[in-house]
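K.L.:
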Amino acid sequence: MATPPRSGVPLAWPEQPGDLARQFASRDALEHELKQLFPQAEGGLSPIEGGRRRAEQLLGRIQPQRYGKGRNFLDGPVTRLSPYIRHGVLTLAEVRDAVFRRTRQRQESEKLINELGWRDYWQRLWGQLGDGIWQDQEPLKTGVAASSYAADLPDDIATGSTGLACMDGFIAELHSSGWLHNHARMWLASYLVHWRRVRWQVGACWFLQHLLDGDPASNNLSWQWVASSFSHKPYIFNRSNLERYSGGRYCTACPLRDRGCPFEASYEELDSRLFQR
Amino acid sequence: MKHPILWIHGEALGPSNPALLAYPGRPAVFVFDTALLEGATPAAAISLKRIGFLYECLLELPVTLRQGDVAEQVLAFARAHGADGIVTSAATDPRFSAICLQLEPHLPLQVLEPEPFVALEGPVDLGRFSRYWRRAEGAAWRVWPGG
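Protein sequences, first through last, are from chains A and B.
Position 212 of the first sequence, counted from 1, bears residue number 211 in numbering that gives the first Met the number 0, the numbering being contiguous throughout.
Position 95 of the second sequence, counted from 1, bears residue number 94 in numbering that gives the first Met the number 0, the numbering being contiguous throughout.
1) Please name the residue, chosen from R118/A, G177/A, P4/A, K68/A, that lies closest to M43/A on a Cα-to-Cα basis.
2) Using a Cβ cut-off of 7 Å, which residues of the segment 38 to 58 of chain B contact any Cβ in chain A, in chain order?
3) Indicate whether A77/B and I7/B have their beta-carbon atoms separated by less than 9 Å.
4) Looking at the structure shown, is T251/A part of a helix, part of a strand, or coil, going by DSSP?
5) How far does the alpha helix (DSSP H) with A92/A in it reach, from first residue to last?
6) Short of 9 Å Cβ to Cβ, which residues in the segment 61 to 86 of chain B face chain A?
7) What residues in the segment 125 to 136 of chain B have a beta carbon less than 9 Å from any beta carbon of chain A?
8) Got a sec? Which residues, its chain only, sit under 7 Å from A135/B by beta carbon, not counting five neighbours each side?
9) Starting from the C-beta of F95/B, find all residues in its chain whose C-beta is less than 7 Å away, skip the five residues before and the five after it, and write them out in chain order.
10) Could you tell me the alpha carbon to alpha carbon distance between S147/A and P16/A, rounded to whole angstroms?
11) Taking C-alpha atoms, which residue in A27/B, S15/B, L20/B lies nearest to P9/A?
12) In chain B, which residues lie with their C-beta within 8 Å of the C-beta of G17/A?
13) Kindly indicate if chain A contains any beta-carbon less than 9 Å away from that of L20/B.
14) Is the CB of W140/B under 9 Å away from at least one CB in chain A?
15) Whole alpha helix (DSSP H) runs in the segment 43 to 117 of chain B with 4 or more residues, listed along the chain?
16) Going by DSSP in three states, L211/A sits in which element: helix, strand or coil?
17) Quick one: which residues of the segment 105 to 118 of chain B get their C-beta closer than 8 Å to a C-beta of chain A? List them in chain order.
18) Can you find the residues in the same chain that come closer than 7 Å, C-beta to C-beta, to I47/A, ignoring five residues on each side of it along the sequence?
19) Which of the residues in the segment 195 to 212 of chain A, read from start to end, lie with their CB under 8 Å from any CB of chain B?
20) Apart from the five residues on each side of it in sequence, which residues of its chain come closer than 8 Å, Cβ to Cβ, to G246/A?
21) Report the rounded CA-to-CA distance for P138/A versus W194/A, giving the unit in angstroms.
22) When you compare the CB of P222/A with every CB in chain B, is at least one pair closer than 9 Å?
23) To the nearest angstrom, how far is it from the Cα of A171/A to the Cα of E55/B?
24) With 9 Å set as the bound, which would you pick, yes or no: does the beta-carbon of E103/B sit closer than that to a beta-carbon of chain A?
25) Under 7 Å, CB to CB, which of the residues in the segment 125 to 154 of chain A have a partner in chain B?
26) Pair every Cβ in the segment 54 to 68 of chain A with every Cβ in the segment 101 to 111 of chain A, then say whether three or more of these pairs are closer than 8 Å.
27) Taking three-plus beta-carbon pairs below 8 Å as touching, is the segment 254 to 266 of chain A in contact with the segment 200 to 218 of chain A?
28) DSSP has I4/B in a bridge; who is on the other side?
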């Protein structure tokens, strides 16, 4: 099906040779042009559209109170504003004010304001650390030697063919849409670093390649939080946690549903299996 | 500065960009940073999805689009418009500061701050989020009209 034209707002000054196009017959035509202009960039466009218009639609739908209660569920009422905030299409101050306009009692919106605070925190920390966000902030608390973590992304991760329905599902979504629910990011990062023993920087690079909201500070420091170089202990999860917050959507169709799920254990068992403390 | 050009970068692709607010109608330019997109260390080359997202954001702003070396392209745009300076908005990425250093010997550069999420005076302890939030939460809520 043909998509509607993509027309840039008019400019009040003349074009010069070498200016990139601002008028496209369709979104497909934009994609075609971008493939010519950026031949090294992998893949196609995301179904998620850029632009202020779309950002304002999403901003008009935020539900701070429901967000506070259900944000950890994959189908929960999350805002999906992160790509727009990351690139300043909406400022944090604008989102804050939109939340406040919907707030009758402070408690209803505290969680959403707190999450905006995380974004501000990561940015302040980036200002302080600069390119230091690529280095471990603290030693890992896993008891595993730093040299034991692999320096490359395993092939089955890169191709989304681990055989685990959950992880393959997350990878497919990351690659096709460039957006993942925060909980899915945490599970996938934890799987890569702790179950597969891959350096967090490898995962951080991979996410930055694909995430529309890919911000080096939020991304790298969150990977470090999972890895335990920016937290008191490594972040892990188990099957019952994933099954609960994903509504069981992956486990029911997983080939490892009945046997061999690497996440099917208590936290104590996983801790002793994964770490050398 | 009477006739500046505006340099728009990837941390401020909306109408609240303070450079656009301060100088409405002035010629503005965004440069797709070739080295960054192709994987300037330490990050990897970025996918077309991300470039497409930026491009769609940029189509809704009055901005000329270029690709190449950012400082070279911004300075060429300034020359083409006979500009007496460059105005941009503050950014956190260290790459931004490096580009500013390349621009400054050639033209006056004004860097405008966007409206902050919270204004905090003096040094802020960023050792952990909880320490930051103990200071920031109250300040963030101070602007809530219901408070």
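Even glycine gets a Cβ: it sits at the ideal position worked out from N, Cα and C.
Just so we're clear, the structure is a prediction, and the values are computed from it rather than from any experiment.
P.N.:
With the structure as the only source:
1) Note that residue 43/A corresponds to Gly in the displayed sequence, not to Met. Among R118/A, G177/A, P4/A, K68/A, the Cα nearest to that of G43/A is on G177/A.
2) If the cut-off is 7 Å between Cβ atoms, the segment 38 to 58 of chain B has P41, A42, A43, A44, I45, S46, L47, K48, R49, I50, G51, F52, L53, Y54, E55, C56, L58 near chain A.
3) No. Outside cutoff.
4) Under the three-state reduction of DSSP output, T251/A falls in the helix class.
5) 91 to 100 is the span of the alpha helix (DSSP H), which, as asked, contains A92/A.
6) Hits within the stretch, in order: P61, V62, T63, L64, R65, Q66, G67, Q72, A75, F76, A79, H80.
7) Residues passing the 9 Å Cβ filter: L125, R127, F128, Y131, W132, A135, E136.
8) Hits under 7 Å: V117, L119.
9) For F95/B, where only same-chain residues beyond five positions count, the Cβ hits under 7 Å are H8.
10) About 52 Å.
11) Of the residues A27/B, S15/B, L20/B, the one whose Cα lies closest to the Cα of P9/A is A27/B.
12) Those are R65, listed as they occur along chain B.
13) Nearest CB-CB separation between L20/B and chain A: not below the 9 Å threshold.
14) It does; some Cβ of chain A falls within 9 Å.
15) Counting whole runs of 4 or more residues, the segment 43 to 117 of chain B contains the alpha helix (DSSP H) stretches 47 to 58, 69 to 79, 93 to 102.
16) Here L211/A sits in coil by DSSP.
17) Here the close residues are P113, E114, P115, F116, V117.
18) The beta carbon of I47/A lies closer than 7 Å to those of P82, S176, G177, W178, L211 in the same chain, with the five residues before and after it left out.
19) Taking 8 Å as the upper bound on Cβ-Cβ separation, chain B lies near residues Q200, C204, W205, L207, Q208, H209, L210, L211 of the segment 195 to 212 of chain A.
20) Once the five neighbours on either side are set aside, the close Cβ partners of G246/A are F72, L73, D74.
21) When rounded, the distance between both Cα atoms is 19 Å.
22) Pro is not the amino acid found at residue 222/A; the sequence shown has Trp there. With 9 Å as the cut-off, W222/A does not count as an interface residue toward chain B.
23) Taking the straight line from one Cα to the other gives about 23 Å.
24) With 9 Å as the cut-off, E103/B does not count as an interface residue toward chain A.
25) Those residues of the segment 125 to 154 of chain A placed with their C-beta closer than 7 Å to a C-beta in chain B are W125, G126, Q127, G129, D130, W133, ordered along the chain.
26) Yes, they touch.
27) Under the 8 Å Cβ criterion, the segment 254 to 266 of chain A does not count as touching the segment 200 to 218 of chain A, having fewer than three qualifying pairs.
28) Under DSSP, I4/B takes part in a beta bridge, and its partners are I85/B.
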